[in-house]
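Read through the structure below, which is laid out as structure tokens, and then see the notes.
In our numbering, the protein residues as written are 39 to 343.
Here is the structure:
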């Protein structure tokens, strides 16, 4: 089952709710307004279901997993704002045709994570849960999200860690600044926080970090040098790394650090194109696109009930 574990596709009802908002996150036509980023002109074809279905088939996919765009910051909106948006996303995404599957999303604002809503989304067919990296940057974040992660562990479902909302860019920053600075920093910090705080609390949880975890595993030598332990060579085979926006050099470097068995293919469509890294063997492509995603997803393999 060739799989892309990281795509985004906004259902029509979700788009309508974003257009009805007066404050960010909001859509003005197809121009997206977020607090920490310059206005972004979304390509309508990127969220056209028929066009995206044909594109997924052209990419040779049997499964393309879509998720809420965590940089929108919807998870942290007040319940009366977040809940309708989350419901519209789940309802619409779960009705998408094959080859699409869905990562669930969860509200993180007060009064706290809604485990009942997560159970319902998983029961309806979501393959696992996506959380923004901004929710998992320290011990407190992993503790606050623990009830959600306990549900995943109980039901043997994976967690997908994705960049969250970006802070305001410095004056004069280029348009690519959020993707290259705060997004990468978030993923780097969330990976180290997982190692220090998340894994001890959730020893069996399968976790996938978007964007190769900001290349955090490449800092193993520095970790040892700074007192982080001598187990730099130990690979956690329940932690996976998704490839979006990276190519052969970065993927090859991460393979040298953690091995090929924990790298999974993801594109971040429609915001980036899929890249198949040249690792020298067809077996490597099969690992990234088929074998490794199957182990990440577990027994369900992304199938809906």
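Ideal placement from N, C-alpha and C gives every residue a C-beta, glycine not left out.
In chain order, what residues of the same chain have a beta carbon less than 8 Å from the beta carbon of residue i, not counting five sequence neighbours either side?
| i | result |
| --- | --- |
| residue 104 | 45, 46, 47, 131, 134, 138, 139, 140 and 141 |
| residue 316 | 286 |
| residue 151 | 144, 145, 182, 183, 185 and 186 |
| residue 290 | 315 and 317 |
| residue 256 | 291, 292 and 295 |
| residue 323 | 314 and 317 |
| residue 129 | 49 and 51 |
| residue 81 | 68 and 308 |
| residue 276 | 242, 243, 244 and 245 |
Would you kindly report the start and end of the unbroken alpha helix (DSSP H) that includes residue i?
| i | result |
| --- | --- |
| residue 192 | 184-193 |
| residue 222 | 220-231 |
| residue 91 | 87-96 |
| residue 46 | Residue 46 -> no alpha helix (DSSP H), and no H or E assigned at all. |
| residue 153 | 153-162 |
| residue 120 | 117-131 |
| residue 36 | Because the chain is modelled from 39 through 343, residue 36 falls outside the range shown and cannot be assessed. |
| residue 321 | 320-324 |
Taking the DSSP output, what are the residues bridged to residue i?
| i | result |
| --- | --- |
| residue 52 | According to DSSP, which records beta bridges pairwise, residue 52 is partnered with nothing at all. |
| residue 41 | 101 |
| residue 140 | 104 |
| residue 199 | 169 and 247 |
| residue 176 | In DSSP, residue 176 forms no bridge with anything. |
| residue 70 | 65 and 78 |
Please classify residue i: is it buried, with 16 or more other beta-carbons within 10 angstroms of its beta-carbon, or exposed?
| i | result |
| --- | --- |
| residue 231 | buried |
| residue 334 | buried |
| residue 212 | exposed |
| residue 390 | A question about residue 390 goes unanswered here, because the residues of the chain that appear run from 39 up to 343. |
| residue 83 | exposed |
| residue 221 | buried |
| residue 178 | exposed |
| residue 210 | exposed |
| residue 118 | exposed |
| residue 327 | buried |
| residue 252 | buried |
| residue 97 | buried |
| residue 202 | buried |
| residue 214 | exposed |
| residue 273 | exposed |
| residue 42 | buried |
| residue 260 | exposed |
Residue range of the beta strand (DSSP E) that residue i falls in?
| i | result |
| --- | --- |
| residue 76 | 75-79 |
So, at 6 Å on beta carbons, what are the nonlocal neighbours of residue i in its own chain, with the 5 sequence-adjacent residues on each side left out?
| i | result |
| --- | --- |
| residue 342 | Unreliable placement is indicated for residue 342, whose pLDDT of 44 sits below 50; no coordinate value is reported for it. |
| residue 340 | Annotation note: pLDDT 47 at residue 340 (below 50); position unreliable, no value reported. |
| residue 94 | 102 and 137 |
| residue 226 | 252 and 254 |
| residue 112 | 120 and 123 |
Given residue i, which residues of its chain have a CB within under 7 Å of its CB, disregarding the five upstream and five downstream residues?
| i | result |
| --- | --- |
| residue 157 | 189 |
| residue 127 | 49, 52, 106 and 143 |
| residue 79 | 68 and 69 |
| residue 283 | 249, 306 and 310 |
| residue 114 | 146 and 147 |
| residue 240 | 187 and 191 |
| residue 2 | In the structure as shown, the chain begins at 39 and stops at 343. Residue 2 is therefore absent and cannot be evaluated. |
Would the C-beta of residue i count as close to the ligand SAH, meaning under 7 Å from any of its heavy atoms?
| i | result |
| --- | --- |
| residue 104 | Ligands are entirely absent from the displayed structure, and the ligand SAH is therefore not among its contents. |
**Asked** Along the chain, which unbroken stretches of the alpha helix (DSSP H) at least 4 residues long are found entirely within the stretch 233-313?
**Response** 258-263 and 286-296
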